[in-house]
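Everything below concerns the one structure shown next.
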Amino acid sequence: MSSRYELVEAEEAHFRIADMCRWLDVSRSGYYEWRTRPESATAQRRRHLTAAINEIFTANHETYGYRRVHAVLARSGETVSPELIRALMRDLGLMPRAHTKRALDTRKPAPPPRNCRSTTHET
Numbered sequence: 001m002s003s004r005y006e007l008v009e010a011e012e013a014h015f016r017i018a019d020m021c022r023w024l025d026v027s028r029s030g031y032y033e034w035r036t037r038p039e040s041a042t043a044q045r046r047r048h049l050t051a052a053i054n055e056i057f058t059a060n061h062e063t064y065g066y067r068r069v070h071a072v073l074a075r076s077g078e079t080v081s082p083e084l085i086r087a088l089m090r091d092l093g094l095m096p097r098a099h100t101k102r103a104l105d106t107r108k109p110a111p112p113p114r115n116c117r118s119t120t121h122e123t
């Protein structure tokens, strides 16, 4: 239902609110009540967690997945499930970078060491 109200709010500069409410089959009073409703505790917590996840993710060079982000939050005293962390990271589009090992190319020989000593000896 709130997605319909969000659509009405986004398009209120272009269309009349009464018309949009009728088109979307929502009441005008419900729309105005939704606009003045305070943010729920769940929404506040998700907003707080989203900011914390973003901070942890960027501070660790975008390499932490949901398990490590959850561990950092748990160490800081935050009680939250790993599944919620995973869902929020997915909603934010945060994908950790995979570590790739650099392959050592042993097929071509290394160049010979440079001769630092003079080959001519004075006696």
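Take 1 as the starting number for the sequence shown in full-length UniProt numbering and just add one per residue.
Heads up, the beta-carbon is just placed ideally off N, CA and C, and yes, glycines get one too.
Note that the coordinates shown come from a computational prediction; the quantities given were computed from them, not determined experimentally.
Between the options, which lies nearest to residue i when the distance is taken from Cα to Cα?
i: residue 60; options: 95, 35 and 26; result: 95
i: residue 74; options: 107, 101, 22 and 52; result: 52
i: residue 67; options: 112, 82 and 41; result: 82
i: residue 90; options: 43, 54 and 77; result: 54
i: residue 39; options: 23, 111 and 2; result: 2
With distances taken between CB atoms, is the gap from residue i to residue j smaller than 7 Å?
i: residue 56; j: residue 70; result: no
i: residue 4; j: residue 18; result: no
i: residue 88; j: residue 58; result: no
Unbroken alpha helix (DSSP H) runs of length 4 or more, entirely within the segment 47-117: which are they? 66-75 and 82-92
Give a yes or no on contact between the segment 84-100 and the segment 56-72, applying the rule of three or more CB pairs nearer than 8 Å. yes
Does the pairing of the segment 29-36 with the segment 1-10 give three or more beta-carbon distances under 8 Å? yes
Write down every uninterrupted run of the alpha helix (DSSP H) in the segment 9-33 whose length is 4 residues or greater and which is fully enclosed by it, in chain order. 17-23
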